[in-house]
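In our numbering, the protein residues as written are 4 to 360. Here a beta-carbon is modelled for each residue, glycine too, at the ideal position from N, C-alpha and C. For reference, the structure is listed below as C-alpha cells.
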Ligand code: PHE
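What follows is the structure, given as C-alpha cells:
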C-alpha cells in the first residue's frame, strides 16, 4: 500500500525521487513484514520470517542497498526510518515468539489433570534394631562410656582363653560356635572386645561395644544364629556390684520408662564373679506381663585382668575391679515394642518395619 502523504510530498517537490522510492519501499517492506509475522503459526515459520525480512538477503536488507542512490543530505532521515522500521519488526517478532511459547506451554499440559492426587512418596526409616541400639548407646555415652570395636572373625584367645573359659567349656564346642578351618571363629559374644579394649587402653576403662555375635543356636521365636549385642566394661578402683546394678537399672529406665521393673538373678559366667542374668518385665498391651532375659553381667573375674596383663606384659590391671555386661539388642527391641517373634526383625517385611518410623 502506498503512503498517500508521501505521494503528496513528491508532488510538492519537498522530497527527491530517490528518497521517495526508498521511503515507499521501506513502508511496503514494513507492512508486508508485519502481516507475514502475523500469519505465522509456529516457531519454525517465525524463524523463516525473521530470515526473509532481516537476514542477509532479507527484504529490509535489500532495500538498504538502494541507499547509494539517495543524495547524501537525505540519508540520515532514511537511516532513521530504517531503524524505526527494524525496531517495529523486531518487536513484532518478539511478541509473536512469546505468544507461540505461551500457546505451546498450554498445549503441553492440555491432557494433564493437575487435580489428581499425587502418588505418596515411600519414606524410609530406621530399622527397629538400629533405633534401640542408637538410644541405648546415647544413654551410655551420656554416662561417660565411649565406643570400642573388635573383629567379628576372632581368635580363641580373645573369645575364650583370656575370658577365663576352659578348653572343655561347651561354648568352645564345634556344635555351639562357627569355626573356620584356620581355627578362628565367628565371635559367639562381644565380650572379646573387653579383652581387645584392655589390651590397648590405660585404666580407668569405661567402654561399650555394640556389634554382631554368632551362635549355632536353633532359630526360634527368641533365638537367632546371628544377633546383636551391646557389650559394656567399666574398670577402675573400688567398682562394686551396686555400680553395676545402678548403671543397668538407669539404662533400662531411661529406655523403657521410670516404672520399668528389673531383676538380677544369680548365674554363672567364666569371666565374671559374681555373675547375674538380668530380666526386664515386659508389660505389653494385650499380653500377660512376663520376665524377659536381656543380658548377662557381673564383676570382672581377676583371672581376666591377669590374662590381659600377661598379654600386655605389664601389671596394669591387677588389683583393679570392674563390671561387665552383654545386652541382647533384639531382646531390647522386643520389649520396647512388644514384638513376639524375634524373626520379624530379620525378615525385612516392609509391613512390619514401616510401623517403627
Ligand atoms: N558374654 C555373655 C553372653 O553372651 C554376656 C556377658 C557379658 C556376661 C559380660 C557377663 C559379662 O552371654
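A residue is called buried when at least 16 other Cβ atoms come within 10 angstroms of its Cβ; residue 237 meets this threshold and is buried. About 11 Å separates the Cβ atoms of residue 334 and residue 294, ruling out a contact at the 8 Å cut-off. About 6 Å separates the beta carbons of residue 341 and residue 290, which is inside the 8 Å limit, making them a contact pair. Where residue 279 is concerned, the enclosing beta strand (DSSP E) starts and stops at 275 to 285. For residue 167, the number of other beta carbons within 10 angstroms of its own is at least 16, and it is reported as buried. The alpha-carbon separation between residue 159 and residue 137 amounts to approximately 30 Å. Inter-segment contact for the segment 210 to 223 and the segment 167 to 186 is present: three or more beta-carbon pairs are separated by less than 8 Å. Of 85, 346, 201, the smallest CA-CA separation from residue 323 is found for 201. Here residue 137 carries a helix assignment [DSSP, helix/strand/coil]. By alpha-carbon distance to residue 191, the top candidate from 58, 253, 227 is 227.
The ligand PHE has a heavy atom closer than 7 Å to the beta-carbon of residue 234. Within the same chain, 61 come within 6 Å of residue 55 by CB-CB distance, once the 5 residues on both sides are set aside. Between the segment 135 to 150 and the segment 294 to 312, the count of Cβ pairs shorter than 8 Å is below three; the stretches do not touch. Exposure of residue 119 is indicated by the presence of fewer than 16 other C-beta atoms within 10 angstroms of its C-beta.
For a cut-off of 8 Å, the C-beta gap from residue 107 to residue 73 is around 43 Å, too long to register as a contact.
Taking a cut-off of 8 Å on C-beta distances, the segment 300 to 311 touches the segment 273 to 283, as three or more cross pairs fall below it.
The segment 68 to 86 makes contact with the segment 22 to 32: 3 or more CB pairs, one atom from each, lie closer than 8 Å.
The DSSP assignment places complete alpha helix (DSSP H) segments of no fewer than 4 residues inside the segment 11 to 54 at 20 to 42, in order along the chain. For residue 192, the secondary structure class from DSSP, reduced to helix, strand or coil, is coil. Here residue 210 is bridged, per DSSP, to 149, 236.
Taking residue 28 as the centre and dropping the five residues before and after it, the same chain places the C-beta of 66 closer than 6 Å to its C-beta, in chain order. Counted as a single uninterrupted DSSP element, the beta strand (DSSP E) harbouring residue 303 occupies residues 293 to 303. Runs of the alpha helix (DSSP H) lying entirely within the segment 63 to 146, each at least 4 residues long, are 78 to 111, 131 to 145 in chain order.
Following the DSSP letters along the chain, one finds residue 172 in no beta strand (DSSP E), marked with neither H nor E. Burial check for residue 313: the Cβ neighbour count within 10 Å stays below 16, so the residue is exposed. With 16 or more other CB atoms across the displayed protein chains lying within 10 angstroms of its CB, residue 161 is buried. For residue 231, the closest of 242, 121, 345, 124 by C-alpha to C-alpha distance is 345. Here DSSP, grouped into helix, strand and coil, assigns residue 308 to helix.
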